[in-house]
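Chemist: If you read the sequence shown in my numbering, its first letter stands for residue -8, the second for the next number, and so on.
Note that the Cβ used here is the ideal one computed from N, Cα and C, for glycine as well.
Below is a structure I'd like to ask you about.
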Amino acid sequence: MLQSLSIRNVVLIDKLDLDFKSGLSVLTGETGAGKSILLDSLGLVLGNRAETSLIRQGEDKLSVTAQFSLQKQTPALRALLDEYEIEADDELLIKRSLTRDGKGKIFINDQPAGAKLLKEIGKYLVEVHGQFDNQGLLNPANHLDVLDAYGAYKPLAERTATAFAAYKKARAARQEAEKNIARAKEDEENLRHWVDELEKMNPRPDEEDELGKKRQEMMNAEKIIDSLNYAYGALTERADVQGAIRSAQSAMDKANTLVDGRYQTIIDMLDQALIDISETVNELEEVSHNVSLNQNELENIEERLYALRGLARKHNVAVSDLPQTLADFRNRLSTIELGEEGIAALRKAEDTAKLDYVKAANELSSARQAAALQLDNKVMSELPPLKMEKARFVTVVEKTDESGWSEKGFNNVYFTVATNPNSPQGPLNKIASGGELARLRFAEIVLERPNLLFLDEPTNHLDIYTRENLTEALMAYTGTLLMVTHDRHLMNSLGCPILYLEDGKATLYPSYDALMGRAAPAAAPEKAGDQPAKAGYGKEQRRRRAELRAKIKACEDEMEACGAREVELDNEINSPEVYNDPDLLRQKSDELSDLRFHQEELFAAWEKAMEEQEQYEQAADEE
């Protein structure tokens, strides 16, 4: 259960600390006072999306901290906490903050966590029920998820989803292969011509660069040969470089003997210079012979470059990519030649994946059939306290054709109901009224046995009979209830502490009576002159009696007008155009709640005036 909720800088709330006890707690206040802000705040610690618009005006950061008791935790919650190595004994402390720049932090028992994990944990902590939740029951598309949430076959559902993904992948591979074969057959003649053309050319990946360099060399061959010949002559013909080095060596040998070998390093350097000169001369001779002046060879190189570049433009690729292009064309031809064999293998893989999926989906369908029977029986067991003991609730589980297969299996699931013994069974969205939908939704929630049930305006848009039934059901509910409501009758009937929100402030009242007496002035000591005067005594008494008669008449007229408007609002709320429009429905429901509150205030004023008038009448009779 939720033990405490601490809110800082959320919309209208600057600071609020709530401690919850076992039993029912009610939050009430005028429309716009900030009751729904508590739901938004609770939603933050349950993993809902954090919006910077929730940050209080003028503040840079919001934070919400919630403390939960885990004494009645589910095994699934314990397994989830263990999986993420979150240490938790009997309590779970969740803190979430958000800054104006959109950066948020989440801590679970002082351990950093992500929003995804928080949302997973939140599912096991609080069940939130709002005034428009029953609309989800109107859409049969939601019924499958409701049944799956009730059924204990999550591993089977996951296996079905995995099998469907594998089947979908195998089917896509087969379809893609067939498309490729079809495209290849359309281009078969061209492909064979292109392959033959490229094979004759036999391009190499780096051939363009090699030919370009060689072409450039041949175009500069004469200049290159002249430079090489000049260098060779400088080393051999114009000067006897090698002879000079040898002479220097001889002189240094003589000097070295006179200084005990101290000049040996210089002699070694001269030896190396002689070797380098000799090798350089030999290299010059060799490279000179390799420089080609063959004009035919140059023409051949240019022709091949032109041909390679032409093929590259033809196939819209770089010259270096021509070898890969040839390989691709060969593969496409192989696809045609070996297509049927390859398609057969892909079909076999697809059939195997399909059989695996069908097997898993059939098992899932059987599990859903069993869960549907259990759900029907349990819903039926919860309907008598809601005054629907004669209703029949049936969950229909049908198999779809192959076009309806998905990761959720091949079932259509929808709820049917017969609200009267002699009425036919029909779809929930066609048969059930708004009040009946609300009761069915409450029965669904009760089946989940949440530790904490949060109700947001549960009696809005309900008729009087249904409101009474829901009140009785809430009185019999054994879990912990936290409720946001305008309904004074509901608060008074349930008897509970009330947190009243008004002008941005929260005040805790121990009971409904304490709330209604919040503005009553303290009683002053009675004086003799304060007693109602006798009927015939003075002008002031006659004036007051006239005021009372006018006030009573005004209250009665206004209460009559409010009653008429209440009937109009009830009719509007139950109309399809309003009931199917969430925004309009919320607007009309809030107006109805405010109207009922005003009716109670009018009745209190009328009753007080009647009591005072009765005092004057009694005094007149006594006189």
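(1) Among the residues of its own chain, which have a CB less than 8 Å from the CB of residue 41, if the five just before and after it don't count?
(2) Between 4, 2, 3, 8, which lies nearest to residue -4 when the distance is taken from Cα to Cα?
(3) CB-CB under 6 Å to residue 109, same chain, minus the five flanking residues each way: which ones, in chain order?
(4) Nearest CA to the CA of residue 337: which residue from 144, 312, 159?
(5) Let me confirm a value: residue 210 is counted as buried when at least 16 other C-beta atoms fall within 10 Å, else exposed. Which label applies?
(6) Would residue 1 and residue 55 qualify as a contact pair, given that the criterion is a beta-carbon distance under 8 Å?
(7) Keeping to the same chain, check which residues put their C-beta closer than 8 Å to that of residue 262; ignore five residues upstream and five downstream.
(8) My output table needs one value for residue 579: the three-state DSSP class, helix, strand or coil.
(9) Please confirm if the region 361 to 369 is in contact with the region 386 to 395, defined as three or more CB-CB distances below 8 Å between the two stretches.
(10) What does the alpha-carbon distance come out to for the pair residue 595 and residue 477?
(11) Is residue 142 helix, strand or coil by DSSP?
(12) From residue 148 to residue 507, what distance separates their C-alpha atoms?
(13) So what does DSSP say about residue 266, is it helix, strand or coil?
(14) Once the 5 residues before and after residue 553 are set aside, which same chain residues still bring their CB inside 8 Å of it?
(15) According to DSSP, simplified to helix, strand and coil, what is residue 59?
(16) Below 7 Å CB to CB, which residues in the same chain sit around residue 605 once its five sequence neighbours on both sides are set aside?
(17) Here's a check: name, in chain order, each residue in its chain whose Cβ is nearer than 6 Å to the Cβ of residue 192, leaving out the five neighbours to either side.
(18) Tell me whether residue 250 is buried or exposed, calling it buried when 16 or more other Cβ atoms sit within 10 Å of its Cβ.
(19) Is it buried or exposed for residue 141, if we count other Cβ within 10 angstroms and need 16 for buried?
(20) Is the beta carbon of residue 202 sitting closer than 8 Å to the one on residue 323?
(21) Identify whether residue 416 lies in helix, strand or coil by the three-state DSSP scheme.
(22) Tell me which residue opens and which closes the beta strand (DSSP E) that residue 402 is part of.
(23) According to DSSP, residue 323 sits in a beta bridge with which residue or residues?
(24) So what's residue -6 in DSSP terms, helix, strand or just coil?
(25) For a test of the three-state rule: what should DSSP assign to residue 513, helix, strand or coil?
(26) Hey, quick one: how far does the beta strand (DSSP E) through residue 493 stretch, first residue to last?
(27) Below 8 Å on the Cβ atoms is my contact criterion, and I expect residue -2 with residue 68 to pass it. Report the Cβ-Cβ distance as a whole number of Å.
(28) Output the distance between the C-alpha atoms of residue 482 and residue 92, rounded to the nearest integer angstrom.
(29) Taking residue 220 as the reference, which of 311, 278, 189 has the closest Cα?
(30) With respect to the beta strand (DSSP E) encompassing residue 82, which residues constitute its N-terminal and C-terminal limits?
(31) Based on the DSSP secondary-structure assignment, which residues constitute the bridge partners of residue 383?
(32) Use the C-beta contact count for residue 260: other C-beta atoms within 10 angstroms, 16 or more gives buried, fewer gives exposed.
(33) Identify, in the order they occur along the chain, each residue of the same chain with its Cβ nearer than 6 Å to the Cβ of residue 518, setting aside the five sequence neighbours on each side.
(34) What does a CB cutoff of less than 7 Å around residue 234 pick up in its chain, not counting 5 residues either side in sequence?
(35) For residue 393, does the count of other Cβ atoms within 10 angstroms reach 16, so buried, or fall short, so exposed?
(36) Would residue 290 pass as a contact of residue 165 if the rule is Cβ separation under 8 Å?
Modeler: Let me spell this out:
(1) For the purposes of this step, residue 41 is taken as the residue at position 50 of the sequence shown. Within the same chain, residue 41 has close Cβ partners 35, 87, 89, 95, 106.
(2) Taking the sequence shown and counting its residues from 1, the one referred to as residue -4 is at position 5. The residue with the shortest Cα to Cα distance from residue -4 is 8.
(3) By one-based count along the sequence shown, residue 109 stands at place 118. Hits under 6 Å: 38, 97.
(4) Locating residue 337 in the sequence shown gives position 346, where the first residue counts as 1. Closest option to residue 337, Cα to Cα, is 159.
(5) For the purposes of this step, residue 210 is taken as the residue at position 219 of the sequence shown. Exposed, since its Cβ has fewer than 16 Cβ neighbours within 10 Å.
(6) The residue labelled residue 1 in the question sits at position 10 within the sequence shown. The residue labelled residue 55 in the question sits at position 64 within the sequence shown. In contact: residue 1 and residue 55 (Cβ atoms closer than 8 Å).
(7) Counted from its first residue, the sequence shown places residue 262 at position 271. So the list reads 240, once near-sequence residues are dropped.
(8) The count along the sequence shown starts at 1 and reaches residue 579 at position 588. Reduced to three states, the DSSP call for residue 579 is helix.
(9) yes
(10) Within the sequence shown, numbered from 1, the residue matching residue 595 stands at position 604. Within the sequence shown, numbered from 1, the residue matching residue 477 stands at position 486. Whole-angstrom Cα-Cα distance: 17 Å.
(11) Mapped onto the sequence shown, residue 142 falls at position 151. Looking at residue 142 - three-state DSSP - the assignment turns out to be coil, as it is neither helix nor strand.
(12) Here residue 148 corresponds to residue number 157 of the sequence shown, with the count starting at 1. Here residue 507 corresponds to residue number 516 of the sequence shown, with the count starting at 1. In a straight line, the C-alpha of residue 148 is about 52 Å away from that of residue 507.
(13) Counted from its first residue, the sequence shown places residue 266 at position 275. Residue 266 falls in the helix class under three-state DSSP.
(14) To locate residue 553, count along the sequence shown from 1; it is residue 562. So the list reads 586, 589, 590, 593, once near-sequence residues are dropped.
(15) Position 68 of the sequence shown, counting from 1, holds the residue named residue 59. In this structure, residue 59 counts as strand in the three-state DSSP scheme.
(16) Taking the first residue of the sequence shown as position 1, residue 605 is located at position 614. Sequence-distant Cβ neighbours of residue 605 in its own chain, meaning closer than 7 Å and more than five residues away, do not exist here.
(17) Counting from 1 along the sequence shown, the entry for residue 192 is found at position 201. Excluding positions up to five away in sequence, the list is empty.
(18) Position 259 of the sequence shown, counted from the start, is the residue given in the question as residue 250. Exposed, by the Cβ-count rule.
(19) Within the sequence shown, the letter at position 150 stands for residue 141. The residue in question, residue 141, is buried, as its Cβ has 16 or more Cβ neighbours within 10 Å.
(20) Residue 202 sits at position 211 when you count from the first residue of the sequence shown. Residue 323 sits at position 332 when you count from the first residue of the sequence shown. The answer is no: Cβ separation not under 8 Å.
(21) Locating residue 416 in the sequence shown gives position 425, where the first residue counts as 1. Correct three-state label for residue 416: coil.
(22) Numbered from 1 along the sequence shown, position 411 holds the residue referred to as residue 402. Run containing residue 402: 402 to 409, per the beta strand (DSSP E) assignment.
(23) For the purposes of this step, residue 323 is taken as residue 332 along the sequence shown, with counting starting at 1. DSSP output for residue 323 lists no bridge partner at all.
(24) Position 3 of the sequence shown holds residue -6. Looking at residue -6 - three-state DSSP - the assignment turns out to be strand.
(25) Numbered from 1 along the sequence shown, position 522 holds the residue referred to as residue 513. Note on residue 513: pLDDT 36, under 50, position unreliable in the model; no value is reported.
(26) Within the sequence shown, the letter at position 502 stands for residue 493. According to the DSSP assignment, residue 493 belongs to the beta strand (DSSP E) that extends over 489 to 493.
(27) As a working note, residue -2 is residue 7 in the sequence shown. As a working note, residue 68 is residue 77 in the sequence shown. Contact annotation, residue -2 with residue 68: C-beta distance approximately 24 Å; criterion of less than 8 Å not satisfied.
(28) For the purposes of this step, residue 482 is taken as residue 491 along the sequence shown, with counting starting at 1. For the purposes of this step, residue 92 is taken as residue 101 along the sequence shown, with counting starting at 1. Their Cα atoms are separated by approximately 41 Å.
(29) As a position in the sequence shown, residue 220 is number 229, starting the count at 1. Among 311, 278, 189, the Cα nearest to that of residue 220 is on 278.
(30) Against the sequence shown, residue 82 aligns to sequence position 91. Taken as a continuous stretch (DSSP letters only), the beta strand (DSSP E) holding residue 82 covers 82 to 90.
(31) Position 392 of the sequence shown, counted from the first residue, corresponds to residue 383. 409.
(32) Your numbering for residue 260 matches position 269 in the sequence shown. So residue 260 counts as exposed.
(33) Against the sequence shown, residue 518 aligns to sequence position 527. At residue 518 the pLDDT is 42, less than 50, meaning the model places this residue with poor confidence; the figure from the coordinates comes in the next sentence. Excluding positions up to five away in sequence, the list is empty.
(34) Numbered from 1 along the sequence shown, position 243 holds the residue referred to as residue 234. So no residue of the chain qualifies.
(35) On the sequence shown, position 402 is the one that residue 393 refers to. Residue 393 comes out exposed.
(36) In the sequence shown, residue 290 corresponds to position 299, counting from 1. In the sequence shown, residue 165 corresponds to position 174, counting from 1. For residue 290 and residue 165, no; Cβs fall outside 8 Å.
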